[in-house]
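**Student:** My questions all concern the structure below.
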Amino acid sequence: MKKWLKALNIVVIIALIKIVQSCILFPNCECSDEVFYYSINSIEITNIDNSQTYPQFTEEDEMHKAAVAFNVLISDTTLTENYAYNKPLQSSIGFSTAQAWSCDCSMNYIPEPTIHSFNIYTNFDINDIIKAGDDVSNLFLAFDRNWSNGDLYYELNEIINLANITASEIPGILLRIFLKIPVDNSKAEFTIDITLSNGTKISQTTNTISIV
Amino acid sequence: MPKTTTLLLLTLLISTIALSQNNSNSQIGIGMGLQGKSCERIPNSTNLDFLNYLDTDGFIGNYAYIVLNGNFKIKQQSYLNLVVGLYSDLLPTKLNVSFSHIPWNIFGFGVSFLGYPEYINEITQFHWDNDEGMFGSTDSNYWQKRNYNVGFALGPEIKYNLNGLTIDLRVHAGFRWVNNFETRIAQKEIDGNYRRVYDYRVKRNFNPYIFPEFELRYRLFSIFNSKVGLKLRAACELSNRTLNYTRTTYEWTAQNKEDIEINLAKHKYSTLELDLGFFYEW
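So the sequence lines, in the order shown, correspond to chains A and R.
Here this note's numbering is used: the first residue of the first sequence is 1, the next is one more, and so on.
Here this note's numbering is used: the first residue of the second sequence is 1, the next is one more, and so on.
Next comes the structure, spelled out in structure tokens:
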């Protein structure tokens with residue numbers, strides 16, 4: 001009986017130690033500053049419905065004449081296709097570590113080579129002055145992924161310069177681009193041409209948009 | 001500001017009690033008070049006028065408070081009067097302090113300080129009403145700003161004592177202001193990409209005010225060498241107020257901005273305070 005009691009005491013003491021050990025208030029959460037480089041090989045464009053207060057993704061190919069907007073993801077598909085948050089596994093024998101929050105360390109991605117030029121061309125006439133084939137890059141403004149400019153847009157060249165040097169949590173540059181002027185035509189379509197610092201050119205065309 | 005002021009007043013109160021303990025006629029008390037506010041509404045022009053959105057209720061007295069007060073005789077002919085009000089948050093944020101010197105029988109003069117909070121609500125309504133084709137504000141949260149009013153004044157006083165009845169009457173005049181504050185209203189075009197942001201920077205506007213204050217204290221009964229009595233206080237603040245500001249308007253980008261100084265018409269503004277309570281005199 002005494003042996004059983006001793007064994008029980010040992011089990012209880014071990015359990016108590018594990019409980020105390022598990023109650024970690026502030027887990028060591030030192031995130032690495034290591035930077036990962038990625039090479040751009042893709043442009044993905046999706047439509048944005050910007051008729052309301054905030055832009056929303058849409059699969060509709062219809063936009064208001066003064067609310068033409070697109071979501072542009074410039075990325076390395078070899079990484080984005082396998083992208084996942086790299087969280088450490090929290091394993092523990094007995095009791096799992098009790099914590100109110102977890103170490104959400106994000107990766108730091110920077111493009112290499114960087115974007116040298118970012119141009120947008122219209123494939124249809126926008127009005128009587130701006131004709132199909134014209135470079136309309138200066139008529140577009142942009143938000144970045146984190147809306148870091150408050151409620152105001154960035155100039156396109158400004159946001160590209162920022163994206164080239166700012167570490168991103170994803171292996172890509174996510175932009176939302178907005179046309180400053182209304183489209184007087186019934187259709188709109190744009191081609192985005194990117195030239196990288198190593199001379200590589202990548203191009204992508206938006207869907208043909210019906211203007212309402 | 002209210003915390004610093006409260007700390008200063010507590011220090012003042014403790015030192016006053018210490019100084020006045022050998023003198024008679026010092027009193028402390030507790031009671032209830034009501035504060036009513038009125039601010040003239042001026043029809044909106046093209047510029048936002050913050051005072052049109054001031055939280056007022058006429059003189060119904062929507063702002064109720066617990067009042068702690070003290071009347072201390074500092075030395076012969078000199079008195080300190082404290083009124084500390086605690087609104088529903090139970091913080092001592094409403095303050096009236098006056099120092100009186102009565103050298104000529106019942107006549108004298110004094111200086112006073114006033115401080116109390118006020119709320120400005122839902123200025124976004126101005127933009128919803130006036131900015132056609134735009135979402136008045138992209139922020140759907142309720143807009144409220146809490147400001148603190150401060151005023152310093154001086155003027156003549158009367159102090160009248162007769163058979164347990166004390167009447168204090170002061171008519172002070174001075175300058176008042178509220179703390180400067182900033183706010184941002186962001187807008188977006190309906191069915192369009194156009195974005196506009198207004199940054200308002202409200203200055204510390206100094207406006208003159210008159211502060212008549214009446215106090216009546218009546219001794220009801222005595223306990224040993226101390227006395228208990230009833231205290232009634234009425235005060236009002238009369239002013240012509242304005243909240244001028246600098247407005248920066250951004251269109252599309254942060255680089256495309258314009259600063260304008262906005263000077264607005266003055267609003268007739270008044271408050272009325274009524275306090276009733278008991279005091280203990282030693």
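The beta carbon of each residue, even a glycine, is placed where N, CA and C say it ideally should be.
Please say whether Phe124(A) and Phe178(A) have beta carbons closer to each other than 8 angstroms?
**Tutor:** Cβ distance not < 8 angstroms, so Phe178(A) and Phe124(A) don't count as in contact.
**Student:** Please report the straight-line C-alpha distance between Asn163(R) and Arg219(R), rounded to a whole angstrom.
**Tutor:** C-alpha separation (whole angstroms): 9 angstroms.
**Student:** With a cut-off of 8 angstroms, does the C-beta of Ala186(R) fall near any C-beta of chain A?
**Tutor:** Yes, its Cβ sits closer than 8 angstroms to a Cβ of chain A.
**Student:** Below 8 angstroms, can you find three or more Cβ-Cβ pairs linking the segment 127 to 145 of chain R to the segment 37 to 51 of chain R?
**Tutor:** Yes, the segment 127 to 145 of chain R touches the segment 37 to 51 of chain R.
**Student:** Which residues in chain R sit within 8 angstroms of Leu139(A), going by Cβ to Cβ distance?
**Tutor:** Result: empty, since nearest Cβ-Cβ is about 11 angstroms, beyond 8 angstroms.
**Student:** Check whether chain A comes within 8 angstroms of Thr166(R), counting only Cβ atoms and requiring the distance to be less than that.
**Tutor:** Judged by the 8 angstroms Cβ criterion, Thr166(R) is not in contact with chain A.
**Student:** Does Lys131(A) come within less than 8 angstroms of chain R when only Cβ atoms are used?
**Tutor:** Judged by the 8 angstroms Cβ criterion, Lys131(A) is not in contact with chain R.
**Student:** For Thr249(R), which residues in chain A fall below 8 angstroms Cβ to Cβ?
**Tutor:** Going along chain A, no residue has its Cβ under 8 angstroms from Thr249(R), so there is no contact; the nearest lies around 11 angstroms.
**Student:** Note the first and the last residue of the continuous beta strand (DSSP E) segment covering His116(A).
**Tutor:** It spans 115 to 122 - the beta strand (DSSP E) in which His116(A) sits, taken as one unbroken run.
**Student:** Work out the CA separation of Val83(R) and Phe72(R) for me, nearest whole Å.
**Tutor:** Between Phe72(R) and Val83(R), the C-alpha separation is close to 12 angstroms.
**Student:** Quick one, which residues of the segment 230 to 259 of chain R are near chain A if we go by CB-CB under 8 angstroms, in chain order?
**Tutor:** Under the 8 angstroms Cβ criterion, the segment 230 to 259 of chain R contributes Tyr250, Trp252, Thr253, Ala254, Gln255.
**Student:** Could you tell me if the beta carbon of Ile74(R) falls within a distance shorter than 7 angstroms of some heavy atom in the ligand MG?
**Tutor:** Judged by which ligands are present, the structure shown has none, so any question about the ligand MG falls away.
**Student:** Hey, does Phe214(R) have any beta-carbon neighbour from chain A nearer than 8 angstroms?
**Tutor:** Not an interface residue.
**Student:** Could you tell me the alpha carbon to alpha carbon distance between Asp199(R) and Arg247(R), rounded to whole angstroms?
**Tutor:** Computed Cα separation, rounded: 6 angstroms.
**Student:** Return helix, strand or coil for Ile211(A), following the three-state DSSP convention.
**Tutor:** DSSP places Ile211(A) in strand when its eight states are reduced to three.
**Student:** Cβ of Ala67(A) less than 8 angstroms from any chain R Cβ?
**Tutor:** Yes, Ala67(A) lies at the interface with chain R (some Cβ there is under 8 angstroms from its Cβ).
**Student:** Output, in sequence order along the chain, the residues in the segment 191 to 208 of chain R whose CB is closer than 8 angstroms to any CB in chain A.
**Tutor:** Going along the segment 191 to 208 of chain R in chain order, one finds Asp191, Gly192, Asn193, Tyr194, Arg195, Val197 with a Cβ nearer than 8 angstroms to chain A.
**Student:** Flag Lys180(A) as yes if its beta-carbon sits less than 8 angstroms from any beta-carbon of chain R, otherwise no.
**Tutor:** At least one chain R Cβ lies under 8 angstroms of Lys180(A).
**Student:** Specify the secondary structure class of Tyr200(R) as computed by DSSP and reduced to three states.
**Tutor:** In the structure shown, Tyr200(R) sits in a strand (DSSP, three-state: E or B).
**Student:** Whole angstroms is fine: what's the gap from Lys266(R)'s alpha carbon to Arg233(R)'s?
**Tutor:** Distance between the alpha carbons of Lys266(R) and Arg233(R) is about 29 angstroms.
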